[in-house]
Amino acid sequence: MEVKFEDPSLERLEANQKYTAGLVKVFHRRIQFIRASPDERAFYAMKSLHYEKLKDDPDNLYSMHLNDQWHLIMYLKAKEDDTRNLVVIVSIVDYH
Numbered sequence: 004m005e006v007k008f009e010d011p012s013l014e015r016l017e018a019n020q021k022y023t024a025g026l027v028k029v030f031h032r033r034i035q036f037i038r039a040s041p042d043e044r045a046f047y048a049m050k051s052l053h054y055e056k057l058k059d060d061p062d063n064l065y066s067m068h069l070n071d072q073w074h075l076i077m078y079l080k081a082k083e084d085d086t087r088n089l090v091v092i093v094s095i096v097d098y099h
């Protein structure tokens with residue numbers, strides 16, 4: 004799958020590999036996993052991600068755990084050429 008970022012600071016965080024502490028390291032692994040996945044069924048198959056659609060959300064946003072506290076918020080978009088799906092990363096949020 005292809006990945007795009009709504010927030011430029013998340014794109015910079017993903018591009019800059021020198022940050023390796025805690026949450027950033029998990030963020031890098033999740034982005035690598037998303038890029039390697041053929042479609043969103045891989046997200047559901049890996050139960051530890053707790054991939055789910057956000058309830059009562061008109062924007063069709065989904066959540067994926069980074070750890071027990073932080074979640075990656077995203078939405079899926081079909082590309083016009085139908086080659087690969089596009090995952091748009093919206094934010095990282097603290098649900099506690």
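Numbering (this note's numbering), first residue to last: 4 to 99.
By construction, the Cβ of each residue, glycine as well, lies at the ideal position given by its N, Cα and C atoms.
Buried or exposed (CB count within 10 angstroms, at least 16 for buried), residue i
i          : result
residue 32 : exposed
residue 65 : buried
residue 67 : buried
residue 90 : buried
residue 54 : buried
Nearest candidate by alpha-carbon position, reference residue i, set the options
i          : options           : result
residue 61 : 90, 78 and 39     : 78
residue 63 : 4, 97, 80 and 41  : 80
residue 72 : 90, 52 and 58     : 52
residue 28 : 17, 7 and 58      : 17
residue 76 : 15, 24, 45 and 30 : 30
residue 40 : 88, 14 and 59     : 88
residue 95 : 46, 43, 48 and 34 : 34
Simplified DSSP state of residue i, which is helix, strand or coil
i          : result
residue 80 : strand
residue 16 : helix
residue 7  : strand
residue 54 : coil
Residues that residue i bridges to, as DSSP identifies them
i          : result
residue 66 : 55 and 76
residue 89 : 5 and 80
Any non-hydrogen atom of the ligand ZN within 6 angstroms of residue i CB
i          : result
residue 98 : As presented, the structure is devoid of all ligands, the ligand ZN included, so that no description of it is given.
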